[in-house]
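Take a look at the structure below.
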Amino acid sequence: MSQADDVSGTDLFNVRAANDAGYGAYSEATELTTAAGPPGQCGAPSLTVTSSTCVLVSWESPENSGADISEYRLEWSRDEDSLELIYSGPDTQCEISDLAAATHYCCRLQAANQAGAGPYSELVSCQTPATTPDVVSTFYLAEHDHADGHSFSPSTCLALKWEEPCSNGAEITSYTIALGESLVTVEHVTCHVIEDLQPDSEYSLQIQAVNEIGAGPFCPPLQVRTRPLPPAPPRLECAAAGPQSLKLKWGDSSGSAKVLLSDDTAYALQMEDKNQRFVTIYRGPSHTYKVQRLTESSSYSFRIQALSEAGEGPFSDVYTFTTTKSVPPALSNPPSVQECEPLLSLGACGMLHRCFTAAPLSHPAAPRVSQLDGNVCEVTWEAAPPMRGDPVSYVLQILVGRESEYKQVFKGEETTFQISGLQGNMDYRFRVCACRRCLDTAQELCGPLSPSSLFTLRRTELALPGEPGAAHADKALGLISSDEQFAALIVLGFATLSILMAFILQYFFMK
512 MSQADDVSGT
522 DLFNVRAAND
532 AGYGAYSEAT
542 ELTTAAGPPG
552 QCGAPSLTVT
562 SSTCVLVSWE
572 SPENSGADIS
582 EYRLEWSRDE
592 DSLELIYSGP
602 DTQCEISDLA
612 AATHYCCRLQ
622 AANQAGAGPY
632 SELVSCQTPA
642 TTPDVVSTFY
652 LAEHDHADGH
662 SFSPSTCLAL
672 KWEEPCSNGA
682 EITSYTIALG
692 ESLVTVEHVT
702 CHVIEDLQPD
712 SEYSLQIQAV
722 NEIGAGPFCP
732 PLQVRTRPLP
742 PAPPRLECAA
752 AGPQSLKLKW
762 GDSSGSAKVL
772 LSDDTAYALQ
782 MEDKNQRFVT
792 IYRGPSHTYK
802 VQRLTESSSY
812 SFRIQALSEA
822 GEGPFSDVYT
832 FTTTKSVPPA
842 LSNPPSVQEC
852 EPLLSLGACG
862 MLHRCFTAAP
872 LSHPAAPRVS
882 QLDGNVCEVT
892 WEAAPPMRGD
902 PVSYVLQILV
912 GRESEYKQVF
922 KGEETTFQIS
932 GLQGNMDYRF
942 RVCACRRCLD
952 TAQELCGPLS
962 PSSLFTLRRT
972 ELALPGEPGA
982 AHADKALGLI
992 SSDEQFAALI
1002 VLGFATLSIL
1012 MAFILQYFFM
1022 K
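The sequence shown begins at 512 in the numbering used here and counts up one residue at a time.
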């Protein structure tokens, strides 16, 4: 017979004998003690969530199996496959902190004594509640993307960007930007443009994320500065207008224009095309530009803007300038090209080459003067080309003898004029110019004066008919000379001399 003390692990044993007659008396009890065993299985620990980042774990002591429990071992993780020892000690509770909000956790408990460790408790789990978002860790000033179509001025606007922080279990609904003492609320985005700021000013910015639980902490201050204002557009002026060109200038020495004359300022000049679109025709630091290949008496529209490191300034108002009307050209002989006699020239290699000379296509022409009967002469000149429907008249001037000033003797649309009352053996010089009378403005535009023609009235000497000198004398009447004719004689002399020299050289080389 035996009696066991389960609590202490001690057993009492009694023994007696038996035969055919029956059982004898029990002997005195003998006490035997068994060795201690590992603790029993722990009950499921109790989990108390104290905050979104902290959980209090507590438990009851299991059966010690004859030896005092020396420690408890608590394993903790987000899933049961990666449990790790988080607490080991004699206490019957443990506070776990620095947890993630809105996160599932699980744990199990084990007791141990000198005999060993008991079995694990059942697995228990809990979830931390959601909380306010984390601090925005990345907050910076960005370059604005003009592709979104919104007007953006770096002088009065700031483009901000940031990275979304951890929401901590509740979706972020908005952001709050602190601009000094004012707060700006924006939607659930990661960029925002603050407008209506002061140019060239410094600002301190902070941002916080907001969810349904509340607002997270503000990030560290971001110090930013707006750019200075871009330069204002200069005043555009027309310095000189011609029939086919306009010379434009901009900038002056008054007011804000002084800023425009700095070395780091450039300008963009635009002209309106036929499709009523403004096209850039010049971009650079200069303060003048000449627009060429224009049409006479036509209006053109321009605008200008200034550019600097602060950005592109606004465009100016539209300026309209008009080209002038063309004055009549100098009167010239009809265009012609003629081939002269071939000339022989000595080349660099000693060979003779044939070359040809050609008359110019056109050149200013002096009026032609012819003597008529008596003391009368007739002056003729070439007609000017059409001037876009405006009538053209001619002014004829004469210089008599040793007088110093020309006098006007004719003005009209004809190309010939007769002058009477001339004196014999007196030099007369004639020159002519064309004048254009503008029908729309009644303005008269006169072209350059032609070269002068020299005329001397010769008296007719009596000669018998049939004498050889009679015909020659007739030809001498009305002798006409001019600067142009004198130049032609010089050219003809040089041409003759060149031909003669070429033949002489050819003769010596052939011989």
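Using N, Cα and C, we set each Cβ at its ideal position, and we do this for glycine too.
Buried versus exposed call for residue i [16 or more other C-beta atoms within 10 Å across all chains shown]
i, result
"ASP707", "exposed"
"LEU771", "Caution applies to LEU771, whose pLDDT of 41 falls short of 50 and renders its modelled position unreliable; the model cannot decide the point."
"ARG913", "exposed"
"PHE1020", "exposed"
"GLN816", "buried"
"THR649", "exposed"
"PRO846", "With a pLDDT of 41 at PRO846, under the threshold of 50, the modelled position of that residue is not reliable, and no figure is offered here."
"PRO630", "exposed"
"PHE1053", "There is simply no residue 1053 to check, as the chain begins at 512 and stops at 1022 in what is shown."
"PRO741", "buried"
"ASP901", "buried"
"SER882", "The question names Ser, yet the displayed sequence has Gln at residue 882. Burial call: buried."
"TYR778", "buried"
"VAL1002", "exposed"
"GLN709", "exposed"
"ASN722", "buried"
"TYR616", "buried"
"GLU956", "The residue you asked about is not Glu; residue 956 is Leu in the sequence shown. So LEU956 ends up on the buried side."
"MET937", "exposed"
"TYR534", "exposed"
"GLY935", "exposed"
"ALA532", "exposed"
"PHE813", "buried"
Nearest-angstrom Cβ-Cβ length linking residue i and residue j, presumed shorter than 8 Å
i, j, result
"ILE580", "SER569", "With 8 Å as the limit, ILE580 and SER569 do not qualify as a contact, their Cβ atoms being about 15 Å apart."
"VAL903", "PRO839", "6 Å"
"PRO644", "ILE683", "6 Å"
"GLU595", "GLU586", "6 Å"
"LEU907", "PHE941", "7 Å"
"GLY548", "ALA626", "5 Å"
"TYR905", "GLY885", "Actually they do not touch by this definition, with Cβ atoms about 25 Å apart."
"GLU675", "SER685", "Actually they do not touch by this definition, with Cβ atoms about 12 Å apart."
"LYS836", "PRO754", "6 Å"
"SER562", "ALA641", "Incorrect: roughly 12 Å between the Cβ atoms, too far for contact."
Cβ-Cβ distance between residue i and residue j below 8 Å
i, j, result
"LEU716", "LEU690", "yes"
"GLY554", "SER632", "yes"
"ALA546", "LEU523", "no"
"ALA623", "ARG584", "yes"
"TYR811", "LEU747", "no"
"THR687", "THR701", "no"
"ALA1024", "THR833", "This structure leaves residue 1024 out entirely; the chain is present only between 512 and 1022."
"ASP775", "GLU820", "yes"
"PRO962", "ALA895", "no"
"SER666", "PRO744", "no"
"ILE718", "VAL647", "yes"
"PRO556", "LEU634", "no"
"THR639", "THR614", "yes"
"VAL704", "CYS749", "no"
"LEU960", "CYS888", "no"
Inter-residue spacing [alpha-carbon to alpha-carbon] between residue i and residue j
i, j, result
"ALA726", "ASN575", "50 Å"
"PHE663", "LYS785", "30 Å"
"THR891", "THR927", "4 Å"
"ILE1015", "THR1007", "13 Å"
"CYS949", "HIS655", "55 Å"
"VAL566", "CYS605", "8 Å"
"GLU880", "SER964", "According to the sequence shown, residue 880 is Val rather than Glu. Roughly 7 Å separates the two Cα atoms."
"LEU652", "LEU733", "9 Å"
"GLN919", "GLY958", "15 Å"
"ASP711", "GLU692", "19 Å"
"TYR793", "ARG736", "32 Å"
"ASP951", "SER809", "13 Å"
"TYR800", "TYR714", "41 Å"
"VAL526", "SER538", "5 Å"
"GLY1004", "VAL943", "29 Å"
"GLU591", "THR521", "40 Å"
"GLY762", "MET782", "18 Å"
"THR544", "CYS618", "37 Å"
"GLU893", "THR806", "26 Å"
"GLU925", "ALA945", "11 Å"
"ILE1010", "ALA841", "34 Å"
"GLY577", "ILE597", "27 Å"
"GLN1017", "ALA999", "27 Å"
### Query
Could you give the uninterrupted runs of the alpha helix (DSSP H) lying entirely in the region 729-811, keeping only those of 4 residues or more?
768-771
### Task
For the region 584-630, list the beta strand (DSSP E) runs that are entirely contained and at least 3 residues long, ordered along the chain.
595-600, 604-607, 615-624
#### Entry: Residue ranges of each beta strand (DSSP E) within the region 672-702, 3 or longer
683-690, 693-697
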